[in-house]
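Data block below; observations after.
Residue numbers (mature numbering (1 follows the signal peptide of the UniProt record, and there is no 0)): -20 to -1, 1 to 131.
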């Protein structure tokens, strides 16, 4: 036999669980594109600082919503710099940038690494960064956010 008190609370409790599972498909803890864009800019800036970069030149200042699908947008940011330490070969420049980024935030390899380029992603921050060194002593970092809600 069922307890009458249980019957009284079971219906509202079941309704609560059903409604809790009917939320939107977006992660409520996901940042907005503007928030992730600010994080992206900070990560790239701090990576250059950690890599002792000189003559940093912003090639994409970001700050603009780039349309994606379903009303979502992404943000971008990119810069180039120099590092005159050591031989300056592109592989060394890449290692310096990767080491500096590793001290800033946790990123995972998104695609197999190449000698002069690494494609990295952070699921936590919803950002994607590409480190490259196209020539001796040259550092290039570009990035974009995931497609997120604007704001």
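Cβ coordinates follow ideal geometry from the N, Cα and C atoms, glycine included.
**Report entry** Whole-angstrom distance between residue 87 and residue 67, CA atom to CA atom
**Finding:** Counting only the Cα atoms, residue 87 lies some 26 Å from residue 67.
Requested in this report: Using the Cα positions of residue 118 and residue 20, report the straight-line distance between them to the nearest angstrom.
Outcome: Spanning the two alpha carbons is a distance of roughly 20 Å.
Query raised in the report: Whole-angstrom Cβ separation of residue 108 and residue 123, contact assumed at under 8 Å?
Result: Residue 108 to residue 123, Cβ: 6 Å. Contact.
Report task. Measuring alpha carbon to alpha carbon, tell me which of 103, 114, 96 and 30 ends up nearest residue 126. Result -> Shortest Cα-Cα distance from residue 126 to any of 103, 114, 96 and 30 involves 103.
Query raised in the report: Relative to the alpha-carbon of residue 72, which residue among 55, 95 and 121 has its alpha-carbon at the smallest distance?
Result: 95 is the residue among 55, 95 and 121 whose C-alpha sits nearest the C-alpha of residue 72.
Query - residue 24 versus 45, 44 and 100, residue with shortest Cα-Cα distance - result: Of the listed residues, the one whose Cα sits closest to residue 24 is 100.
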